[in-house]
Each structure stands twice: as structure tokens, then as C-alpha cells.
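Asker: According to our numbering, the residues represented by the sequence shown are 151 to 296, in order. Attaching a single structure in C-alpha cells format; questions to follow.
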Amino acid sequence: MIRSERGFTLIEALFVLSCLSLMLAVGSVVGSKMLEVYERHAYIRQVKKDLYYAQMFAMEKRINVSFRIQTNDNKYSAVANGYGTLFTSYQPRTMKFIGDDPITIRYTFLGHIQNPTTIYFTNEENIPVYKLIFQLGRGRFYFTEI
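Below, the structure written as C-alpha cells:
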């Protein structure tokens, strides 16, 4: 029999295919974890933007704005006196609020917070991962990772 040097043997092809499938499997696991972390960070950025928007709206229109967090429905919204609901946003499946329902933060017409509070965010396993702290007075808030 004449041996052909043009192709690969079956064992060589199976070895390459198994290596390729192993790399794809590892990549999909790492990629899904990275996507979850990115989704969390994007959500935190969106909450910050929405809080700043509610505060600026209160200062610009010279009215009180309530930022309501509904833990049972996993959503938050901002309601302005005389303007109705400014926006409503839902949480991703990877984050949940912890606390009494509803949690209300009120911005005065000067942009100050009337009721300081701390809100915890948990992951899918109900382990706290972020803490949102509202300070009394000037409308300041900040996130910390636990």
C-alpha cells in the first residue's frame, strides 16, 4: 500500500477537534461570568445616573422628587410632584434589593435628601454585594462593594 502524505489521520483529527471543543467550553464559562459582572457594573452606573437625574430635576423645576425602590417587583422609579412618573427601571436578574417595600428617598427642591438610608443589593444567591448609602443633607450618595 502506498502511504499518502496529503491528509490527516483519524486520531490527529479527533485530537484537534477535542482540543477545540475544550477551548470553546472553557471560553463560554468564562465569558458568561464576565457578562454577569459587566451587567452588574452597568446596572450600578445606570442607578447612579438615574439618581443624579432625579436630583437635578428637583433642583431645576424647584419641586420635590421621590425616588421609590420597590423590592418586591425589583424596580425603581422617580415621581415628581405635578409631573408624574419621570422614569421606571427594572433590575437585571442578577441583582436584587434588600429592605422594606417600598423604600423612598426624597429630594427637596434644593437637591437635599430628607431621609438618609442604606440599601443593600444582593446577587442571585442572596449574598450582599453592594451597599448604596444616602447621606443626610446635600444629596450625596455612594456605592461600596461589600
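A virtual CB, placed ideally from N, CA and C, is assigned to each residue, including glycine.
1) How about the segment 229-241 and the segment 275-289: do they share at least three Cβ pairs that are nearer than 8 Å?
2) Quick one: is M245 buried, meaning 16 or more other Cβ sit within 10 Å of its Cβ, or exposed?
3) Based on Cα-Cα distance, which residue from F247, V176, E189, Y226 lies nearest to D200?
4) In chain order, what are the residue ranges of uninterrupted beta strand (DSSP E) at least 3 long that sit wholly in the segment 206-272?
5) For E162, name the three-state secondary structure that DSSP assigns.
Answerer: Reading it off the structure:
1) The answer is no - the segment 275-289 does not touch the segment 229-241, with fewer than three Cβ pairs under 8 Å.
2) buried
3) Of the candidates F247, V176, E189, Y226, the one whose C-alpha sits nearest the C-alpha of D200 is Y226.
4) You should have 215-220, 225-230, 234-240, 246-248, 253-257, 267-272.
5) helix
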